[in-house]
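S.K.:
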Amino acid sequence: MSKKNSIIFQITLFFFSVFVLINFLIYVQFNLDNNSFKALKFKRYFSVFKIVEIDLRKGIDKNSINDKISTFSMKLSDKKIEEIKSLNPIKIEFEKDEPIELFRLDNKLYVYFNPKPMPIGTELPPPFIPKELDFLEKMKPPSILLIDESSESDHKLFWLMMLIAIDITLLWFYYFLYEKFKPLIKLKNEINRFYEGDLNIDTSMKGKDEISEVSNEFNNAIEKIRDLNNSRKLFMRNILHELKTPITKGKLISDTLEEGRKKSILQRAFLRLEFLLEEFVKLEEITSGKIDLNKKEYRIVDLLDQSLDILLIDKSQVEIYSNLTKIEVDYDLFAISLKNLIDNAMKYKTEGKPEIVINSDNLIIKNHGKPLKKNFDEYIKPFNREYESIDKGLGLGLYITNNIIKHHGFNLYYYYSDDYHIFKIQF
């Protein structure tokens, strides 16, 4: 399975996308709110400047003015703007073309109202001034320097805390899901081991969720399969032992008979039974996943002779096109695989003799016959009920043959061409 199809990978990708999207949206919203905050701050400054200017013109003392504007978190500065500028403060950019200047000095924010001269040709309606303040109209506007005591960090802290809260929630939820799905990785690895033939696996898990229940049920199934497998092995060992005894006795009795046709038939029959028992042993090794190959170099023609002897058929019943090609194989096992292929060729031929062609890098066994009813892959499956409905067989023989050939590092191919079934073993 590719990484991109993994549930863990898809969950990680999903949460990463959501994480980035939410952080981006909060960043956009923060900027929008920050612009709104600046606009509100600008209005607040102008409102305070208006109040201070009118009160100063009225001659109200600074303490009273400070009490009035304290609701805006502002107060009058005791210093002059010239003094502040002489101390090299940090100038903060505000809105362009606005008559307000901001300076930060000693952790204080100074707000200075610096009205710009009106452009030439601009006419404004005269301001309304009460009669009792007419004499102030001709006075120069007072220089106003305020200290903003509000904290801008409160606005930023709100969004920062919201961002941290959402990120922590997402990360915690991702970790929660990851921990819940992580047992699937263990279960997948254990199933792979089971597929390779290892029954000594444990998929039991603690928990009451669906994944734990599936893992525990699978573990119960493995335990039952393990028990059945052990029972099967015990049964196979016992029955093979029980069958060997009468076969051995039969061979001894046949050796005591006088030379003749009956003696030859009995000896060949008991020899056939002995080979069948050996084949059952090999089948047991294959189905249990334990095949120990005793590989040596042999001529293919010698392996074919052994296969024909097991089948109790004469060379005249097949056409062999041979050469001296040698391969490194387990003699007994590979002879069984050839025997099964030749046996099928004999059973399914509709005319003529099966043909065996030995090449330098492959072996071909073919026979004239009708096409298979199913795909060839169906016939190399073990213990498939499809075999039971087939009149002539195609049972475990091909399954055993295919496994033996694969364990040797070779490949078995099947073709149907010009009314011929063609099996090719590629070395």
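Numbering (our numbering), first residue to last: 61 to 487. Note that the Cβ used here is the ideal one computed from N, Cα and C, for glycine as well. Computed from a predicted structure; not experimentally measured.
What's the gap between the Cα of phenylalanine 233 and the Cα of serine 210?
M.R.: Working through the sequence shown from its first residue, we reach residue 233 at position 173. Working through the sequence shown from its first residue, we reach residue 210 at position 150. Each residue's Cα considered, the two are about 37 Å apart.
S.K.: When you compare only the Cα positions, how much space is there between leucine 303 and leucine 259?
M.R.: Reading the sequence shown from its first residue, position 243 is the one you call residue 303. Reading the sequence shown from its first residue, position 199 is the one you call residue 259. Whole-angstrom Cα-Cα distance: 29 Å.
S.K.: Per DSSP, which one or two residues make a beta bridge with tyrosine 473?
M.R.: Sequence index remark: in the sequence shown, residue 473 carries index 413 (1-based). Per DSSP, Lys484.
S.K.: So, leucine 300 versus leucine 336, is the Cβ gap smaller than 8 Å?
M.R.: Within the sequence shown, the letter at position 240 stands for residue 300. Within the sequence shown, the letter at position 276 stands for residue 336. Their beta carbons are not under 8 Å apart, which means leucine 300 does not touch leucine 336 by this criterion.
S.K.: Please list, in chain order, all residues of the same chain as lysine 200 whose beta carbon is under 6 Å from its beta carbon, the five residues on each side excluded.
M.R.: As a first step, residue 200 must be located in the sequence shown, where it is residue number 140. The predicted position of lysine 200 is uncertain, since its pLDDT is 48 and thus under 50; a value taken from the coordinates is nonetheless stated next. Within the same chain, lysine 200 has no close Cβ partners at all.
S.K.: For phenylalanine 330, I'd like the list of residues in its chain whose CB is within less than 7 Å of its CB, leaving aside the five on either flank, ordered along the chain.
M.R.: Reading the sequence shown from its first residue, position 270 is the one you call residue 330. These residues qualify, in order along the chain: Ile307, Gly310, Lys311 and Ser314.
S.K.: For isoleucine 120, which residues does DSSP report across the bridge?
M.R.: Numbered from 1 along the sequence shown, position 60 holds the residue referred to as residue 120. BP columns for isoleucine 120 are empty, so no partner.
S.K.: Which two residues bound the contiguous alpha helix (DSSP H) that contains leucine 294?
M.R.: Translated into positions along the sequence shown, residue 294 becomes position 234. Here the alpha helix (DSSP H) through leucine 294 covers 270-316.
S.K.: From glutamate 256 to asparagine 249, what distance separates their C-alpha atoms?
M.R.: Position 196 of the sequence shown holds residue 256. Position 189 of the sequence shown holds residue 249. When rounded, the distance between both Cα atoms is 11 Å.
S.K.: In the DSSP assignment, the alpha helix (DSSP H) including methionine 406 goes from what residue to what residue?
M.R.: Within the sequence shown, numbered from 1, the residue matching residue 406 stands at position 346. Per DSSP, methionine 406 belongs to the alpha helix (DSSP H) from 391-408.
S.K.: Please name the residue, chosen from Phe90, Arg117, Met134 and Leu317, that lies closest to phenylalanine 106 on a Cα-to-Cα basis.
M.R.: In the sequence shown, residue 106 corresponds to position 46, counting from 1. Residue Met134 is the option with its Cα nearest to phenylalanine 106.
S.K.: Just the Cα atoms here: how many angstroms apart are glutamine 70 and phenylalanine 84?
M.R.: Reading the sequence shown from its first residue, position 10 is the one you call residue 70. Reading the sequence shown from its first residue, position 24 is the one you call residue 84. Using only the alpha carbons, I get a separation of about 21 Å.
S.K.: Tell me whether glycine 119 is buried or exposed, calling it buried when 16 or more other Cβ atoms sit within 10 Å of its Cβ.
M.R.: Indexing the sequence shown from 1 puts residue 119 at position 59. Looking at its Cβ environment, which holds fewer than 16 other Cβ atoms inside 10 Å, glycine 119 is exposed.
S.K.: Quick one: using the 10 Å Cβ neighbour count with 16 as the cut-off for buried, is aspartate 374 buried or exposed?
M.R.: For this step, residue 374 is matched to residue 314 along the sequence shown. By the 10 Å Cβ count, aspartate 374 comes out exposed.
S.K.: Please name the residue, chosen from Leu398, Tyr475, Asn462 and Glu113, that lies closest to aspartate 365 on a Cα-to-Cα basis.
M.R.: On the sequence shown, residue 365 is found 305 positions in, with the first residue counted as 1. Looking at the Cα atoms, Leu398 is the closest of the given residues.
S.K.: Is the segment 88-98 close to the segment 141-149, with three or more CB pairs under 8 Å?
M.R.: no
S.K.: Apply the 10 Å Cβ neighbour rule to serine 77 and answer buried if 16 or more other Cβ atoms are within range, or exposed otherwise.
M.R.: Translated into positions along the sequence shown, residue 77 becomes position 17. Exposed, since its Cβ has fewer than 16 Cβ neighbours within 10 Å.
S.K.: Suppose the cutoff is 6 Å on Cβ atoms and the five residues either side in sequence are ignored; what does the same chain contact list for asparagine 435 look like?
M.R.: Within the sequence shown, the letter at position 375 stands for residue 435. Contacts found: none.
S.K.: Are tyrosine 459 and isoleucine 440 touching if we call contact CB-CB under 8 Å?
M.R.: Working through the sequence shown from its first residue, we reach residue 459 at position 399. Working through the sequence shown from its first residue, we reach residue 440 at position 380. Yes, the pair counts as a contact, with Cβ atoms nearer than the cut-off.
S.K.: Are the beta-carbon atoms of leucine 12 and serine 275 separated by less than 8 Å?
M.R.: This structure gives no information on residue 12, because the portion of the chain shown stretches from 61 to 487.
S.K.: Report the partner residues of tyrosine 358 according to the DSSP bridge assignment.
M.R.: As a first step, residue 358 is located in the sequence shown; it is residue number 298 there, counting from the start. Per DSSP, Ile387.
S.K.: By DSSP, does asparagine 252 sit in helix, in strand, or in coil?
M.R.: In the sequence shown, residue 252 corresponds to position 192, counting from 1. Looking at asparagine 252 - three-state DSSP - the assignment turns out to be helix.
S.K.: In chain order, what residues of the same chain lie with their CB nearer than 6 Å to the CB of isoleucine 418, ignoring the 5 residues before and after it?
M.R.: Residue 418 sits at position 358 when you count from the first residue of the sequence shown. So the qualifying residues of the chain are Ile360, Ser382, Asn383 and Thr385.
S.K.: Could you tell me the distance, in whole angstroms, from the CA atom of leucine 423 to the CA atom of methionine 296?
M.R.: For the purposes of this step, residue 423 is taken as residue 363 along the sequence shown, with counting starting at 1. For the purposes of this step, residue 296 is taken as residue 236 along the sequence shown, with counting starting at 1. Computed Cα separation, rounded: 33 Å.
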